[in-house]
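The sequence shown stops at residue 1599 when you use the working numbering, and every number in between is there.
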Amino acid sequence: MHAPTQLLSASRQNLWRLTLIRILVLAAQAGSVGFAYLSDLLPLPWLPLSITLGFSALLCAFTGLRLKGPWPVTEQEYAVQLACDLIIHSVLLFYAGGSTNPFVSYYLVPLTIAAATLPWLYSMALSGLALSGYTALLIWYHPLDLHGIEHEATLISLHLFGMWLNFALSAAFITFFVVKMAGALRRQDQLQAERREEGMRDQQLLAVATQAAGAAHELGTPLATMSVLIKELRQEHQNPLLQEDLAVLQEQVQLCKQSLQQLVRAAEADRRQAVHEQTAREWLESVLRRWHLMRPEASYRFQVLGLGTSPRLMPPTDLTQALLNLLNNAADACPDNLDITLNWDAQWTRLSIRDHGAGVPLAIAEQLGRPFFTTKGKGFGLGLFLSQASVTRAGGTVKLYNHEEGGTLTELRLPRAFGAGFGPI
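In structure tokens, the structure reads:
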């Protein structure tokens, strides 16, 4: 099953969060300036401050409209947005006391965001911009007129309160928003890694499918020849023991021919989307009957543990082949007394196959399911790989465990809900 596609890219989500931070900071700045103006606490250059705050509000509105468009958010655009925040902050500090303003350390918030979300080159450029602004404010700024404040203690209290408020806002923004931004980038990286892995698996499947199509085309003629020769041998030799062996051989050749014909029918059915709906029990019983013709030496016990009505599903042909591969793997490990169970709940349909073989060696457990890796002396190492690919495509999982009482437990889990080739309950 493919990983869920994110509705928004990480950069777009982070720009939304940056805009929200900008709106919250703008509200705090406007509230502070408004309070100072109404209380006549500090004489400030109200017109330049109002113009700067208005420009910040326009930037918020422009970014909001831009994010409604289909254009992707690039790293360059995100860096420019952070640079605008640094410039706006510098201008506001210039008209409000420069480096003596307790909010001067807010420079660290945009820099923290840049360090968490952008490549180091952009972070270095923004750090240089912030350092330049801070340095300039040490020399050039509009000094505050503090003559109207009678008590020095009041001035100190205002400065300390401003430092506390700046720390509280910065800590809140860094703790909440920056963590969210970094998490969005990690999720996007994980999604890209999963897509790369799926792409590699699809390429491997395509290579195997191409080889299988060629092999199926080439096997038709020798199977037909073998079938004719077996018929002639049965007519020429009347030995009962030989007749029994030839009958088994003819049955196996016919089964191979039917498998090749089913490949063609399956491809045609997939093209026409002609998939038969049936219950999970009916599907499993039909697969077991077909498998037992292929492996007559195997013995098994089939149990249905689920309560209520068996879930209905529409299994594609490759899913049936996946189950046959898993059954063959179990029979190869130990063909005697396989335990096969069917169970279900409100969310999943579960099939388990337990053999009594040697189990899965821990040293190679992680390599199981890779193409062309096999623990048997024969085979191509494709059965489990193709089975996992088919089940994953249907939205399910395949897992192998070492059973506590010996042997291997293979669990195939399929979704009960509608989708991925499955019908409703």
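Where a beta carbon is used, it is the ideal one built from N, C-alpha and C, also for glycine.
Every value quoted in this text rests on a predicted model; they were computed, and no experiment measured them.
Mark Pro1490 as exposed unless 16 or more other C-beta atoms lie within 10 angstroms of its C-beta, in which case mark it buried.
With 16 or more Cβ atoms within 10 Å of its Cβ, Pro1490 is classed as buried.
Just tell me which of Leu1189, Ala1270, Thr1193 and Arg1240 has its CA closest to the CA of Pro1219.
Selected option, being the one with the closest Cα: Ala1270.
If you run the structure through DSSP and keep just helix, strand and coil, what is Leu1149?
Limits of the chain in this structure are 1175 at one end and 1599 at the other, which puts residue 1149 out of reach.
Report the residue from Gly1531, Thr1483 and Asn1503 whose alpha carbon sits nearest the alpha carbon of Leu1516.
Measuring from the Cα of Leu1516, the nearest candidate turns out to be Thr1483.
Near Ala1257, what residues of its chain come up, given a Cβ to Cβ distance below 7 Å and the 5 sequence neighbours on each side ignored?
Closer than 7 Å at Cβ, skipping near neighbours: Leu1300 and Leu1303.
Rounded C-beta distance between Leu1311 and Ser1264? I'm assuming under 8 Å.
With a Cβ gap of about 7 Å, Leu1311 and Ser1264 count as contacting.
Can you give me the start and stop residues for the alpha helix (DSSP H) that Ile1313 sits inside?
Note, Ile1313: alpha helix (DSSP H), Trp1294 to Ile1313.
Secondary structure at Ser1473, three-state DSSP: helix, strand or coil?
Here Ser1473 sits in coil by DSSP.
Can you give me the Cβ contacts of Asp1492 inside the same chain, cut-off strictly under 7 Å, excluding the 5 residues immediately before and after it?
Around Asp1492: Ser1564.
So, under 8 Å CB-CB, Leu1231 and Leu1194 are touching, yes? Tell me the CB distance rounded to an integer number of Å.
Per the sequence shown, the amino acid found at residue 1231 is Ala instead of Leu. Their Cβ separation, rounded to whole angstroms, is 14 Å, which puts Ala1231 and Leu1194 out of contact at 8 Å.
Apart from the five residues on each side of it in sequence, which residues of its chain come closer than 8 Å, Cβ to Cβ, to Glu1249?
Once the five neighbours on either side are set aside, the close Cβ partners of Glu1249 are Ser1185, Leu1292, Pro1293 and Tyr1296.
Can you tell me whether Pro1414 is buried or exposed, with buried defined as 16 or more other CB within 10 angstroms of its CB?
Burial call: exposed.
Look up Thr1483 in the DSSP assignment and say whether it is helix, strand or coil.
Looking at Thr1483 - three-state DSSP - the assignment turns out to be coil, as it is neither helix nor strand.
From Leu1512 to Ser1401, what does the alpha carbon distance come to, in whole angstroms?
Cα to Cα, the separation comes out at about 32 Å.
DSSP three-state call for Tyr1575: helix, strand or coil?
It is a strand residue.
Could you check the C-alpha separation between His1530 and Cys1430 for me, to the nearest Å?
Approximately 28 Å, taken between the alpha carbons.
Locate the beta strand (DSSP E) running through Arg1590, then write down its first and last residues.
Arg1590 -> no beta strand (DSSP E), and no H or E assigned at all.
Of all the options Pro1589, Ala1520, Leu1501 and Asp1519, which has the alpha carbon lying nearest to the alpha carbon of Leu1583?
Of the candidates Pro1589, Ala1520, Leu1501 and Asp1519, the one whose C-alpha sits nearest the C-alpha of Leu1583 is Leu1501.
For the alpha helix (DSSP H) holding Ser1230, just list the boundary residues, first then last.
That run of the alpha helix (DSSP H) goes Trp1220 to Leu1241.
Roughly how many angstroms separate the alpha carbons of Val1572 and Val1254, rounded to a whole number?
Roughly 47 Å between the two C-alpha positions.
Quick one: what does DSSP say Thr1248 is sitting in, helix, strand or coil?
In this structure, Thr1248 counts as coil in the three-state DSSP scheme.
Drop a sphere of 10 angstroms on the beta-carbon of Ile1527, count the other beta-carbons inside from all chains shown, and report buried for 16 or more, exposed for fewer.
Its Cβ being crowded by 16 or more others within 10 Å, Ile1527 is buried.
Excluding five sequence neighbours on each side, which residues of the same chain lie with their C-beta closer than 7 Å to the C-beta of Gly1551?
The predicted model places Gly1551 with a pLDDT of 46, which falls under 50 and marks its position as unreliable; any figure quoted below should be read in that light. Cβ neighbours of Gly1551 beyond the five flanking positions: none.
Phe1347 to Tyr1281, Cα distance in whole Å?
Roughly 12 Å separates the two Cα atoms.
Apply the 10 Å Cβ neighbour rule to Ile1313 and answer buried if 16 or more other Cβ atoms are within range, or exposed otherwise.
Exposed, since its Cβ has fewer than 16 Cβ neighbours within 10 Å.
Can you find the residues in the same chain that come closer than 7 Å, C-beta to C-beta, to Leu1423, ignoring five residues on each side of it along the sequence?
Around Leu1423: Ile1404.
So what does DSSP say about Asn1275, is it helix, strand or coil?
Three-state DSSP puts Asn1275 in coil, outside helix and strand.
Could you tell me which of Gly1243, Ala1520 and Pro1485 sits nearest to Trp1457, measuring between CA atoms?
Ranking Gly1243, Ala1520 and Pro1485 by Cα distance to Trp1457 puts Pro1485 first.
Could you tell me the boundaries of the beta strand (DSSP E) in which Leu1512 lies?
Start and end: Leu1512 to Trp1518.
To the nearest angstrom, how far is it from the Cα of Ala1210 to the Cα of Leu1216?
Roughly 6 Å separates the two Cα atoms.
Skipping 5 residues on each side, what residues in its chain have a beta carbon closer than 6 Å to that of Ala1496?
These residues qualify, in order along the chain: Ser1561, Ser1564 and Val1565.
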